[in-house]
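A.B. asks: Here it is, the structure, as structure tokens.
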Amino acid sequence: MIIGSHVSFGASGLVGSVKETLGYGANTFMFYTGAPQNTIRKEISKEKTEEAFKLMKENNINIDNVICHAPYIVNLANNKDDQKYNFSITFLKNEVKRCEELGVKYLVLHPGSSVGLDKFVALDNIAFALNKIITSDIKVRVLLETMAGKGSEVGSTLEEIKYLIDKVNLKDKIGVCLDTCHLNDAGYDMSDFEAFLDKFEELIGLKYIKCIHINDSKNAVGSHKDRHANIGFGTLGFLVIKNILDNKRLENIPKILETPYIGENDEDKNRIYPPYKFEIEMLKKGEFNPHLMEDIRSFYKN
Ligand code: FE
Ligand code: FE
Ligand code: ZN
């Protein structure tokens, strides 16, 4: 099982990400090259990257399974503000370069939000931008994430994802990142994952799936909410998620947890704990731990 979580990139860059990953008992990870909610980016240190590669090698982490996530504020769907739209394209071109500097093969991207535009105009804007970003000289594959359909988000149906892929010229540089919470919220029943994969295969082709975000959801199928829940503590439930992880058709695809930290709603904001070490342990064991939250709190409090 290739499993990891969202980790931070931080001041030391990739080394910090690898160390955090090892602390979770994971064998892969996903990071943002800076804060997910802004586009301020620092130069990447060659030295720190080399140190990270050494650490990965020592611990059997394959860089081919590592995922970079583009910041979620870039929006390729809306071009009403020309300057903003062009900035998003330039930013993502640079993000691809950063991935290449780091040796990372996959860049996950939220397709975007139409904000007042017709859905197909929005999709065409995304496709146009993707063809500016995805050029024959790049080594990175851009993965379109399946969205929950919150607000005016596009890319929440397989038909929309297909529409985008069809319009991208270089098919070997485009792919898909499934997100189990988003799929549920978009209206796909994850309890029949086999049927979902059949549909995906028929419409798009399973070969395009290169990453899966494994999250439980706080809301019902089709709610269009996008609120992630800890594994086994949401509407999908432990068995449905375990079943997705065990699916042979996606065996070699990196699985990335983006579940919420524990204590986020507590008063003391200094005491929030990452759930990943415990969720990964639980998923590897294949057995639900109803005391997960308490276990996490007592582990980190000491
Ligand atoms: Fe995402
Ligand atoms: Fe996600
Ligand atoms: Zn989400």
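Okay, so the sequence shown: first residue is 791 according to my numbering, each after it adds one. Just so it is clear, CB atoms sit at the ideal spot from N, CA and C, and this is done for glycine as well.
Can you give the Cα-Cα distance for methionine 749 and asparagine 1005, rounded to whole angstroms?
C.D. replies: With the chain represented from 791 up to 1092, any question about residue 749 goes unanswered, as that position is not in the structure.
A.B. asks: Considering just the uninterrupted stretch of the alpha helix (DSSP H) at aspartate 854, what are its terminal residues?
C.D. replies: Here aspartate 854 belongs to no alpha helix (DSSP H), and DSSP marks it neither H nor E.
A.B. asks: Got a sec? Which residues, its chain only, sit under 6 angstroms from alanine 912 by beta carbon, not counting five neighbours each side?
C.D. replies: Ala867, Ser904, Val944
A.B. asks: For tyrosine 896, which option in Ser878, Leu934, Gln873 has the closest C-alpha, if you only look at C-alpha atoms?
C.D. replies: Ranking the options by Cα distance to tyrosine 896, first place goes to Leu934.
A.B. asks: Between glutamate 949 and glycine 965, what straight-line distance do the alpha-carbon atoms span, to the nearest angstrom?
C.D. replies: 14 angstroms
A.B. asks: Have a look at the DSSP bridge pairing and note the partners of histidine 1081.
C.D. replies: Answer is none; histidine 1081 lacks a bridge partner.
A.B. asks: What span of residues does the alpha helix (DSSP H) with threonine 880 cover, start to end?
C.D. replies: 872–892
A.B. asks: Considering only heavy atoms of ligand 2, does any lie closer than 6 angstroms to the CB of glutamate 1048?
C.D. replies: At a cut-off of 6 angstroms, the beta-carbon of glutamate 1048 counts as near ligand 2: some heavy atom of the ligand is closer than that.
A.B. asks: For isoleucine 853, I'd like the list of residues in its chain whose CB is within less than 6 angstroms of its CB, leaving aside the five on either flank, ordered along the chain.
C.D. replies: Gly893
A.B. asks: According to the Cβ coordinates, are tyrosine 1090 and tyrosine 1063 closer than 7 angstroms?
C.D. replies: yes
A.B. asks: So if DSSP puts leucine 897 in a beta bridge, which residue, or which two residues, is it bridged to?
C.D. replies: Cys858, Val932
A.B. asks: Let me check you understand the geometry: is the CB of histidine 900 closer than 6 angstroms to at least one non-hydrogen atom of ligand 2?
C.D. replies: no
A.B. asks: Below 6 angstroms, is the gap between the Cβ of histidine 1003 and the nearest heavy atom of ligand 2?
C.D. replies: yes
A.B. asks: By the DSSP assignment, the beta strand (DSSP E) with histidine 796 in it spans what residues?
C.D. replies: 793–796
A.B. asks: Taking the alpha-carbon of leucine 993 as reference, which of His1018, Tyr953, Leu1026 has the nearest alpha-carbon?
C.D. replies: Tyr953
A.B. asks: Which of helix, strand or coil does DSSP assign to alanine 1019?
C.D. replies: In this structure, alanine 1019 counts as strand in the three-state DSSP scheme.
A.B. asks: Any heavy atom of ligand 1 closer than 6 angstroms to the CB of glutamate 848?
C.D. replies: no
A.B. asks: Could you name the residues that DSSP lists as bridge partners for alanine 992?
C.D. replies: According to the sequence shown, residue 992 is glutamate rather than alanine. Among the bridge pairs identified by DSSP, glutamate 992 is matched with none.
A.B. asks: Are the region 1044–1057 and the region 1013–1031 touching by the rule of at least three beta carbon pairs closer than 8 angstroms?
C.D. replies: yes
A.B. asks: Note down the Cα distance separating asparagine 1055 from glycine 977, rounded to an integer number of angstroms.
C.D. replies: 27 angstroms
A.B. asks: Please name the residue, chosen from Gly902, Ser926, Lys957, Leu907, that lies closest to valine 886 on a Cα-to-Cα basis.
C.D. replies: Ser926
A.B. asks: Leaving aside the five residues before and after arginine 831 along the sequence, list all residues of the same chain whose C-beta is less than 6 angstroms from its C-beta, in chain order.
C.D. replies: Thr823, Gly824
A.B. asks: Between the C-alpha atoms of valine 1030 and lysine 883, what's the straight-line distance to the nearest angstrom?
C.D. replies: 37 angstroms
A.B. asks: Here's a check: name, in chain order, each residue in its chain whose Cβ is nearer than 7 angstroms to the Cβ of asparagine 959, leaving out the five neighbours to either side.
C.D. replies: Asn921
A.B. asks: Taking 7 angstroms as the threshold (C-beta atoms), are glycine 794 and phenylalanine 819 in contact?
C.D. replies: yes
A.B. asks: When the Cα atoms are used, what is the spatial distance from isoleucine 951 to serine 1088?
C.D. replies: 42 angstroms
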